[in-house]
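Taken in sequence, the protein lines are chains A and B.
In terms of the working numbering, the first sequence opens at residue 1 and continues consecutively.
In terms of the working numbering, the second sequence opens at residue 434 and continues consecutively.
Ideal placement from N, C-alpha and C gives every residue a C-beta, glycine not left out.
To keep things clear, I will list the structure first and then write my remarks on it.
2 protein chains.
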Amino acid sequence: MFAKRTGQMKRTAVRELLKVAARPEIISFAGGLPAAELFPVSRVSDAVTRVLDHFGGMSLQYGETEGLAGLREWVATQFTKQQLGSRGRGVRAPMRPENVIITSGAQQALDLVGQVLLEEGDRVVVENPTYLALLSAWRPHGVEFVPVRSDANGMRVAELERAFGRHPKLIYLTPNFQNPQGTTLSFERRKQLLRFATECGAGIVEDNPYGDLRYSGESVPHLLTLETNRTFPGPRFDSSSESLATNPHSVIYIGSFSKVLMPGLRVGWVIAAPEVIEKLVQAKQSADLHTNSLGQHIVLDLLTQGYLEEFLPRLKETYRQRRDAMLEALERFFPRDVSWTRPDGGMFLMARLPSVDATALLPHALEQGVAYVPGEEFHLGGEGKNTMRLNFSNARPGQIQIGIERLGALVAENLGVPANSLRRRGQHAPGVH
Amino acid sequence: MFAKRTGQMKRTAVRELLKVAARPEIISFAGGLPAAELFPVSRVSDAVTRVLDHFGGMSLQYGETEGLAGLREWVATQFTKQQLGSRGRGVRAPMRPENVIITSGAQQALDLVGQVLLEEGDRVVVENPTYLALLSAWRPHGVEFVPVRSDANGMRVAELERAFGRHPKLIYLTPNFQNPQGTTLSFERRKQLLRFATECGAGIVEDNPYGDLRYSGESVPHLLTLETNRTFPGPRFDSSSESLATNPHSVIYIGSFSKVLMPGLRVGWVIAAPEVIEKLVQAKQSADLHTNSLGQHIVLDLLTQGYLEEFLPRLKETYRQRRDAMLEALERFFPRDVSWTRPDGGMFLMARLPSVDATALLPHALEQGVAYVPGEEFHLGGEGKNTMRLNFSNARPGQIQIGIERLGALVAENLGVPANSLRRRGQHAPGVH
Numbered sequence: 001m002f003a004k005r006t007g008q009m010k011r012t013a014v015r016e017l018l019k020v021a022a023r024p025e026i027i028s029f030a031g032g033l034p035a036a037e038l039f040p041v042s043r044v045s046d047a048v049t050r051v052l053d054h055f056g057g058m059s060l061q062y063g064e065t066e067g068l069a070g071l072r073e074w075v076a077t078q079f080t081k082q083q084l085g086s087r088g089r090g091v092r093a094p095m096r097p098e099n100v101i102i103t104s105g106a107q108q109a110l111d112l113v114g115q116v117l118l119e120e121g122d123r124v125v126v127e128n129p130t131y132l133a134l135l136s137a138w139r140p141h142g143v144e145f146v147p148v149r150s151d152a153n154g155m156r157v158a159e160l161e162r163a164f165g166r167h168p169k170l171i172y173l174t175p176n177f178q179n180p181q182g183t184t185l186s187f188e189r190r191k192q193l194l195r196f197a198t199e200c201g202a203g204i205v206e207d208n209p210y211g212d213l214r215y216s217g218e219s220v221p222h223l224l225t226l227e228t229n230r231t232f233p234g235p236r237f238d239s240s241s242e243s244l245a246t247n248p249h250s251v252i253y254i255g256s257f258s259k260v261l262m263p264g265l266r267v268g269w270v271i272a273a274p275e276v277i278e279k280l281v282q283a284k285q286s287a288d289l290h291t292n293s294l295g296q297h298i299v300l301d302l303l304t305q306g307y308l309e310e311f312l313p314r315l316k317e318t319y320r321q322r323r324d325a326m327l328e329a330l331e332r333f334f335p336r337d338v339s340w341t342r343p344d345g346g347m348f349l350m351a352r353l354p355s356v357d358a359t360a361l362l363p364h365a366l367e368q369g370v371a372y373v374p375g376e377e378f379h380l381g382g383e384g385k386n387t388m389r390l391n392f393s394n395a396r397p398g399q400i401q402i403g404i405e406r407l408g409a410l411v412a413e414n415l416g417v418p419a420n421s422l423r424r425r426g427q428h429a430p431g432v433h
Numbered sequence: 434m435f436a437k438r439t440g441q442m443k444r445t446a447v448r449e450l451l452k453v454a455a456r457p458e459i460i461s462f463a464g465g466l467p468a469a470e471l472f473p474v475s476r477v478s479d480a481v482t483r484v485l486d487h488f489g490g491m492s493l494q495y496g497e498t499e500g501l502a503g504l505r506e507w508v509a510t511q512f513t514k515q516q517l518g519s520r521g522r523g524v525r526a527p528m529r530p531e532n533v534i535i536t537s538g539a540q541q542a543l544d545l546v547g548q549v550l551l552e553e554g555d556r557v558v559v560e561n562p563t564y565l566a567l568l569s570a571w572r573p574h575g576v577e578f579v580p581v582r583s584d585a586n587g588m589r590v591a592e593l594e595r596a597f598g599r600h601p602k603l604i605y606l607t608p609n610f611q612n613p614q615g616t617t618l619s620f621e622r623r624k625q626l627l628r629f630a631t632e633c634g635a636g637i638v639e640d641n642p643y644g645d646l647r648y649s650g651e652s653v654p655h656l657l658t659l660e661t662n663r664t665f666p667g668p669r670f671d672s673s674s675e676s677l678a679t680n681p682h683s684v685i686y687i688g689s690f691s692k693v694l695m696p697g698l699r700v701g702w703v704i705a706a707p708e709v710i711e712k713l714v715q716a717k718q719s720a721d722l723h724t725n726s727l728g729q730h731i732v733l734d735l736l737t738q739g740y741l742e743e744f745l746p747r748l749k750e751t752y753r754q755r756r757d758a759m760l761e762a763l764e765r766f767f768p769r770d771v772s773w774t775r776p777d778g779g780m781f782l783m784a785r786l787p788s789v790d791a792t793a794l795l796p797h798a799l800e801q802g803v804a805y806v807p808g809e810e811f812h813l814g815g816e817g818k819n820t821m822r823l824n825f826s827n828a829r830p831g832q833i834q835i836g837i838e839r840l841g842a843l844v845a846e847n848l849g850v851p852a853n854s855l856r857r858r859g860q861h862a863p864g865v866h
């Protein structure tokens, strides 16, 4: 009865896990949830009042598939501002509303990009490990995933250059604070990656849901910014000359309000060449007609009121404290032989155990009231069995400390070493694996 | 660069049309828009306040892919109530939450059903004409559409029985107040269709966005109700015995709040066997993770407050007046040789011109400030060039009269007959074509 591709669809362990992890007595490092206690409930309430007063029933009516015009405009303008800010290079090609489609969250953006670009047998480069739901979205198209290892500086682009007989169609990556590792692709590697993509004619999908959540270190320009500056190497862009609106380019950028505002509104976006946006619009029309109107209006209202500038610093400070609490607790409570990544932002880090199977350990962790996602889930080629993804955004520092202490004791027990409650900080090499 | 299936995606004429038709000076019979002036703006405002007070940030957090538990429960219960009410047959198999997935509007339901069930070469029976966005959603799967003619009683099921060498995989239809014709499948034909589907092992997709918008005539049981009553022919259902939860069935029912509440929230649903729901959930997880949380909460709050019982009669009365205004105006202003359907509900009717190409006529109509959708758009096999779909839900009776008068004059001119402003009512045979 079902189509062949349906056999490729599976409930992921993450999904099943999340059900257990949702119990209030569990300290969960498993989900990818923002901190709901920070959501601006009264601001949303005010925004709804303003939206309904101003737009009335039209804010509840069918809308355009491309998305709310004002929101597309905001996304284009905001990206252009970031380009301007990026190492003072100036903007060669500002983004325009026709470079933007609003999607039902970044997940739909990924799904639509796959629908529009991928077909059976296409090779798709991904980091290993990579974002789980990307694999499930694109696997039904019958593509071949080509995993490339990552380290503390993100995807090892040099390995990618050596890896190919046949060229990839697409390269998918999360350059900033990757899910699951929290790592960031270095500036040098970004340039190297763009060179590689140009040489072999591959497209790049730059998935950037966490980019605005930086707690330390210096920001690195977007791949799309680097590419447009390279494609338009002349003096600062003159709006009467050619622009992205008339030039194809190979980077497809995906963004989201889920991590910087609220995920439940399901509002994300794609920035790409207008030819690509046009096809995404056609695919979206069949997928869900348009993104929910009220959610888009609420987001636009909050942005227009300057709420992001007010909220984002607060959010980042909270998450920074939680990240630091987790890093400190790992130092204190995890055995010496365990390493972990030290993200400059985002919501996740990844721990690597010397010899313990993290999937097998999980039921014991749940018994101790602690949840995480076994890293195996995110890996291709059967790797990563000894890794665990730890989310630090959705528990308070005190809880993080308790949870990591319990987890450390469990890991120590499984390694046959004493629980490490006295480990000195700084003994451990930076969490590269 | 694009996948082959992307070549199948096109901007539809309807889409491009809607842009022109949105101008305020145009009397538009083109869209499929509910009347935004009736949307309960202040009720939505109250609902948001209640939801945010009660659920706080959790109403803005990520949610379950299946949909809000309370909303799935409401959909299941409501359907069971309708089964109960349907010709006093009693309910053999009440629907349960595990029979329900909440989708981002009924369009996503259609898209997910296609993803999960259809593959290249599958035959799909559709009414001719049929819902346009169904064709664009399923065409990329490489299916073969088999059109079956319709008349005033809906799909001519007897023709379907004669049409097949190779069995269809799915039969798609809108049994109530079909888009674009407004016709309803008769009770006898529903039974006949179920027999046919059972014999050839085909699934039925029962798309019912307009079912609750009945203005005249007697309601006909859902195909899903008829099938479950047949599958469970024993005495009234005993909750301890087998149910749909343990029995596969072949009808996939699709519903929506877009037409009875507000479309901009993008909340629809599927009722089907749990095995089907499970696969739809997996596909939806990749498609957009979940339907927007706030929209689901608003809908559930309005339903819980009993708002549908209050609003629906008002909505139906308004639309009934508009339907009647259009039927009267057609009688008065359209030439004798034109026929049209006389829907008992919904939002559309279809007019059939004797020899005029409705697509070619459209630019002239727009010049006159009137918009409609050429019926050709909804037809397969190059048929329907002489038909126009007329929406009556989104213009007030006075505007409808003016618009139809202008359109009638234009049609008369093209037929070379005098404008028919004096035509007596009742001369014309019921609008069956």
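1) What are the residues of the stretch 487–506 of chain B that lie near chain A, defined by any Cβ-Cβ distance shorter than 7 Å?
2) Rounded to the nearest angstrom, what separates Pro666(B) and Ala509(B) at their Cα positions?
3) Compare the C-beta of Pro666(B) against all C-beta atoms of chain A and say whether one is closer than 7 Å.
4) Just mark Asp357(A) as buried or exposed, buried being the case when its beta carbon has 16 or more other beta carbons within 10 Å.
5) Identify, in the order they occur along the chain, each residue of the same chain with its Cβ nearer than 7 Å to the Cβ of Glu383(A), setting aside the five sequence neighbours on each side.
6) Residues in its own chain within less than 8 Å of Gly88(A) by CB, not counting five upstream and five downstream?
7) Thinking C-alpha only, which one of Phe348(A), Lys81(A) and Ala109(A) is nearest Arg96(A)?
8) Would you kindly work out how many angstroms separate the C-alpha atoms of Ala758(B) and Ile277(A), rounded to a whole number?
9) Does any residue of chain A bring its CB to less than 7 Å from the CB of Ala436(B)?
10) Exposed or buried, Val557(B), counting other C-beta atoms within 10 Å across all chains shown (16 or more means buried)?
11) Ile404(A) to Phe333(A), Cα distance in whole Å?
12) Work out the CA separation of Gly814(B) and Pro363(A) for me, nearest whole Å.
13) Specify the secondary structure class of Ala30(A) as computed by DSSP and reduced to three states.
14) Check whether the Cβ atoms of Ser104(A) and Asp337(A) lie closer than 7 Å to each other.
15) What residues in its chain sit with their C-beta under 6 Å from that of Gly644(B), if we drop five residues either side in the sequence?
16) Given a cut-off of 7 Å on the beta-carbon distance, is the pair Ser286(A) and Ser691(B) in contact?
17) Can you list the beta strand (DSSP E) stretches of 3 or more residues lying completely in the stretch 581–644 of chain B, in chain order?
18) Which of helix, strand or coil does DSSP assign to Leu244(A)?
19) Kindly list, in the order they appear in chain B, the residues whose Cβ is closer than 7 Å to that of Ser104(A).
20) With which residues is Tyr253(A) paired in a DSSP beta bridge?
21) Quick check on DSSP: helix, strand or coil for Gly547(B)?
22) Taking 6 Å as the line, does the beta carbon of Gly547(B) fall inside it for any heavy atom of the ligand GTP?
23) Identify whether Thr536(B) lies in helix, strand or coil by the three-state DSSP scheme.
24) List the endpoints of the continuous alpha helix (DSSP H) containing Leu349(A).
25) Let me confirm a value: Arg195(A) is counted as buried when at least 16 other C-beta atoms fall within 10 Å, else exposed. Which label applies?
26) Helix or strand or just coil, what does DSSP make of Ala842(B)?
27) If you drop the 5 nearest sequence neighbours on each side, which residues of the same chain put their C-beta closer than 6 Å to that of Arg389(A)?
28) Could you have a look at Ser293(A) and say whether DSSP puts it in helix, strand or coil?
29) Taking the alpha-carbon of Pro604(B) as reference, which of Glu621(B), Asn819(B), Gly598(B) and Cys633(B) has the nearest alpha-carbon?
30) Taking a contact to mean a Cβ-Cβ separation below 7 Å, would you say Gly831(B) touches Tyr648(B) in this structure?
31) Anyone know if the C-beta pair for Thr616(B) and Ser652(B) falls short of 7 Å?
32) Check each residue of the stretch 95–128 of chain A: if its Cβ is closer than 7 Å to any Cβ of chain B, include it; give the result in chain order.
33) Using a Cβ-Cβ cutoff of 7 Å, what residues of the stretch 128–139 of chain A are near chain B? List them in chain order.
34) Give me the DSSP bridge partner(s) of Glu816(B).
35) If you measure between the beta carbons of Leu223(A) and Arg190(A), is that distance less than 7 Å?
36) Reducing DSSP to helix, strand and coil, say where Pro796(B) ends up.
Let me spell this out:
1) Answer in chain order: Gly489, Gly490, Met491, Ser492, Leu493, Gln494, Tyr495 and Gly496.
2) For Pro666(B), the predicted structure reports a pLDDT of 49, less than 50, and the residue's modelled location is therefore unreliable. The matter cannot be settled from this model.
3) Since pLDDT at Pro666(B) reaches only 49, below the 50 mark, its modelled position is unreliable, and the value read off the structure follows with that caveat. No, because no Cβ of chain A sits closer than 7 Å to the Cβ of Pro666(B).
4) Asp357(A) should be labelled exposed.
5) Excluding residues within five positions, the ones whose Cβ falls inside 7 Å are Asn128.
6) Because Gly88(A) carries a pLDDT of 49, less than 50, the predicted location of this residue cannot be relied on, and the following value inherits that uncertainty. Within its own chain, no residue has a Cβ closer than 8 Å to the Cβ of Gly88(A) once the five positions on either side in sequence are excluded.
7) Of the listed residues, the one whose Cα sits closest to Arg96(A) is Lys81(A).
8) Going by the C-alpha atoms only, they are around 41 Å apart.
9) Ala436(B) counts as touching chain A.
10) By the beta-carbon neighbour count (other beta carbons within 10 angstroms, threshold 16), Val557(B) is buried.
11) Ile404(A) and Phe333(A) have their alpha carbons spaced roughly 7 Å apart.
12) The straight-line gap from Cα to Cα measures roughly 58 Å.
13) Judged by DSSP in its simplified three-state form, Ala30(A) adopts coil rather than helix or strand.
14) Contact annotation: Ser104(A) and Asp337(A) have beta-carbon atoms that are not nearer than 7 Å.
15) Here the set comprises Asn609.
16) The answer is no: Cβ separation not under 7 Å.
17) The stretch 581–644 of chain B is shown to contain whole beta strand (DSSP E) runs of 3 or more residues at 603–606 and 636–640, in chain order.
18) At Leu244(A), the pLDDT of 43 sits below 50, so the modelled position is not reliable; the number obtained from the coordinates is stated separately. Secondary structure at Leu244(A): coil, using DSSP grouped into helix, strand and coil.
19) Residues of chain B passing the Cβ test: Ser537 and Asp721.
20) Beta-bridge pairing links Tyr253(A) to Glu206(A) and Ile271(A).
21) Reduced to three states, the DSSP call for Gly547(B) is helix.
22) The ligand GTP is absent from the structure shown, which contains no ligand whatsoever.
23) In the structure shown, Thr536(B) sits in a strand (DSSP, three-state: E or B).
24) Taken as a continuous stretch (DSSP letters only), Leu349(A) belongs to no alpha helix (DSSP H), being part of the beta strand (DSSP E) at Phe348 to Arg352.
25) Exposed: under 16 other Cβ atoms inside 10 Å.
26) Looking at Ala842(B) - three-state DSSP - the assignment turns out to be helix.
27) Pro180, Phe348, Met350, Val373 and Gly375, listed in sequence order.
28) Helix at Ser293(A).
29) At residue 604(B) the sequence reads Ile, which differs from the Pro that was named. Nearest of Glu621(B), Asn819(B), Gly598(B) and Cys633(B) to Ile604(B), Cα basis: Cys633(B).
30) Taking 7 Å as the Cβ cut-off, Gly831(B) and Tyr648(B) do not qualify as a contacting pair.
31) Note that the C-beta distance between Thr616(B) and Ser652(B) is not below 7 Å.
32) Answer in chain order: Ser104, Gly105, Gln107, Gln108, Asp111, Val116, Leu117, Leu118 and Glu119.
33) Here the close residues are Ala133, Ser136 and Ala137.
34) DSSP lists no partner for Glu816(B).
35) Contact annotation: Leu223(A) and Arg190(A) have beta-carbon atoms nearer than 7 Å.
36) Looking at Pro796(B) - three-state DSSP - the assignment turns out to be helix.
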